[in-house]
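Structure, as structure tokens:
2 protein chains.
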Amino acid sequence: MTETPDRGAQPETSASTGPERAPSRRDRARLATTDEIKAAARELLAPAQEGSDLSLRAVAREVGMTPSAIYRYFESRHDLMEALALDAFDSVAAALGEAAAVPDRAPLQRAVDMAHAYRAWCLRHPAEFALIFRHGNVSGAGSPTWREHLLGFYRVPLVIMLEDVAAGHVALGTMATPLPVVQPEILEVAQALGPDGVCPEAVVRLTQVWASIHGFVCLELFGHAGLIMGDVAEAFEHHVRTVLGTHYR
Amino acid sequence: MTETPDRGAQPETSASTGPERAPSRRDRARLATTDEIKAAARELLAPAQEGSDLSLRAVAREVGMTPSAIYRYFESRHDLMEALALDAFDSVAAALGEAAAVPDRAPLQRAVDMAHAYRAWCLRHPAEFALIFRHGNVSGAGSPTWREHLLGFYRVPLVIMLEDVAAGHVALGTMATPLPVVQPEILEVAQALGPDGVCPEAVVRLTQVWASIHGFVCLELFGHAGLIMGDVAEAFEHHVRTVLGTHYR
DNA sequence: CACGAAAGCGAACAGTGTTCTCCAAGCAGG
DNA sequence: CCTGCTTGGAGAACACTGTTCGCTTTCGTG
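Here is the structure:
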């Protein structure tokens, strides 16, 4: 994604979705170098804590290349950072999915686990966390690729929420009416997950739960929570149970 | 604050908190220039949407000065941005206070008003919002001045919450126990507000309400909310009422 | 008025993102 | 085998950036 800067990397595999041309020697080398660049960038990003001061030249030094050579793989510094952000989306989504896959957990406990997994990932990857929440803005959000990865991320908690709704573990019908209207795009995602029913209320509830949990993590990562609460981990646990308690039964 | 770069601006008003020396002609000129610099910086910050790319040299051009001259007023670019962040704290605190001061509002409605005032401020000042939430990190937060302004900000909703608790409008005792422990620093703030009682549960509830509301605004400002909800304003209103509904009665 | 501190200028340095030209490989087809 | 052509990379260059230092002007205050 967001490659092909100069003259297009994949020469003719664009229009014809034909015989799935095996990746050539060159393609594999290119992919390896791309990954190496991204790995180096992530390495340099880690101590920075803020994605802003990632130096392209430093990345080039790290991988033993000239700064200009990086431009064979990424159109710009912004592009490199966006690629890192997309990977971060996938990474945190995987962390959530892992927490959701633990067997023999009560629905409420599974949701609590996912919240803790989210917080743990964010605390462990503060730079990538900042990266995710810097790209994209109020109006139209980012590129289509960005939207795609973002939706892919939300798919993870959404499938769990829909499952719990279908199993009757969510206190449906107790919210104020009328419910706010949701985007058709996200309903399509829900529909693709199964015919159990496209339930707008589930989307609304997930958004509210998510906003509450994400908000606490934000406060913690930017130093606000620690200024107010004594034991932040304990406070998070309590917060999560309060929030989920108003939606689960 | 965070001035006095070269040799100290206020020559001898530092140690002796004595006769409140009236601001000299120079002091006033200095303050005016400082404000002009900050105003220019804010101007340039507005379209940027991200605080990162604020150029000190551009600020200097805007006010008609040499870049190096700025260093007579701020020790570094970081210092200038921190000053802007502190002003932003005061600005959003004022917006909240204004919403809280509207007379003849029911407690719940007043809380809803404050939430909307917060969202409105954030949408109107996205760059300053980003500024506030970039300084400070997980561990110890920022400078003492930063903590001071941060606590000053939280004082505004806290006094309202304590008022509502004292008037019996908050559903005390319905949370999971044990309650998480809060910082003594914030309890001192609460104590200073009035002897009505230092109520740790009020601090916990405020934190959770605050995290939930702030979280939604974060999602909106970074383009997540718009991707999921159709009418974000409507969704925010619903979210706020859901959250506050679990704490007010 | 004269002194001295404050405020501003201008050059300089190191570092940045980005673009350009050029060159050495590696793969293609005759 | 040789000839092209595409790709990956080097290196110089440009327009910036934040920051420092020395010099000069200005202006308030003794």
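Line order of the protein sequences matches chains V and L.
Positions -16 to 232 (my numbering) are the ones given, in order, by the first sequence.
Positions -16 to 232 (my numbering) are the ones given, in order, by the second sequence.
Note that the Cβ used here is the ideal one computed from N, Cα and C, for glycine as well.
Treat the numbers as computed from the prediction; the structure is a model and nothing was measured.
Item	Value
Glycine 61/V, buried or exposed, once every other Cβ within 10 Å from all chains shown has been counted against 16	Per the sequence shown, residue 61/V should be read as histidine rather than glycine. With fewer than 16 other Cβ atoms within 10 Å, it is exposed.
Neighbour-count burial assignment, threonine 160/L, 16 or more Cβ in a 10 Å radius	exposed
Cβ pair tyrosine 137/L, isoleucine 115/L closer than 9 Å	no
Per-residue burial, aspartate 147/V [other beta carbons within 10 Å of its own, 16 or more giving buried]	buried
Other residues of its chain near valine 142/L: CB distance less than 7 Å, five sequence neighbours each side excluded	Leu176
Cβ neighbour criterion (16 or more within 10 Å) applied to arginine 174/V	The residue asked about is misnamed: residue 174/V is glutamine in this sequence, not arginine. Classification for glutamine 174/V: exposed.
Whole-Å CB distance - histidine 221/V paired with valine 192/V, under 8 Å assumed	Going by Cβ atoms, the distance from histidine 221/V to valine 192/V rounds to 15 Å, so no, they are not a contact pair.
Expected contact under 8 Å - CB spacing of methionine 144/V and alanine 185/V to nearest Å	5 Å
Alanine 78/L and alanine 103/L closer than 9 Å at C-beta	yes
Short CB-CB distance (under 9 Å) between isoleucine 143/V and chain L	no
Buried versus exposed call for alanine 218/L [16 or more other C-beta atoms within 10 Å across all chains shown]	buried
Buried versus exposed, by CB contacts within 10 Å (16 or more), glycine 206/V	buried
Beta-carbon neighbours of glutamate 217/V, restricted to chain L and to distances below 8 Å	Pro163, Val164
Proximity of alanine 82/V and glycine 135/V at Cβ, strictly below 9 Å	no
Cut-off 8 Å between Cβ atoms - residues of its own chain near leucine 28/V, not counting five sequence neighbours on either side	Gly34, Leu37, Leu67, Ala110, Glu111, Leu114
Minimum Cβ-Cβ distance from arginine 224/L to chain V less than 9 Å	yes
9 Å Cβ cutoff, serine 195/V in contact with chain L	yes
Straight-line gap, alanine 94/V to alanine 43/L (C-alpha atoms, nearest Å)	51 Å
C-alpha distance - aspartate 18/L paired with arginine 11/L, whole-angstrom precision	10 Å
C-alpha gap between leucine 237/L and tryptophan 129/L, whole angstroms	Not covered by the structure: residue 237/L. The range shown for chain L is -16 to 232.
Closer than 9 Å to chain L by CB, tyrosine 137/V	yes
Arginine -10/L to phenylalanine 72/L span [Cα, whole Å]	Because arginine -10/L sits at a pLDDT of 34, beneath the cut-off of 50, its placement in the model cannot be relied upon, and the point is left open.
Paired residues, beta bridge with valine 165/L - DSSP	Met212/V
Three-state secondary structure assigned by DSSP to tyrosine 231/V	strand
Buried versus exposed call for valine 165/L [16 or more other C-beta atoms within 10 Å across all chains shown]	buried
Within-9 Å CB hit, glycine 213/L to chain V	yes
Where the alpha helix (DSSP H) containing alanine 112/V begins and where it ends	Checking the sequence, you will find phenylalanine at residue 112/V rather than alanine. Phenylalanine 112/V -> alpha helix (DSSP H) spans 109 to 115.
Threonine 128/L, enclosing alpha helix (DSSP H) - first and last residue	127 to 149
Distance CB(tyrosine 54/V)-CB(threonine 16/V) smaller than 9 Å	no
Cβ neighbours of serine 74/L in the same chain (closer than 8 Å, five flanking residues each side left out)	Trp104, His108, Glu111
C-alpha gap between valine 187/V and methionine 212/L, whole angstroms	8 Å
Euclidean distance between Cα positions of alanine 24/L and serine 126/L	21 Å
Simplified DSSP assignment, three categories, for valine 153/L	strand
Glycine -9/V in three-state terms, based on DSSP	Reliability of the predicted coordinates at glycine -9/V is poor, the pLDDT of 33 falling under 50, and the value obtained from them is presented with this limitation in mind. Residue state, collapsed to three classes: coil.
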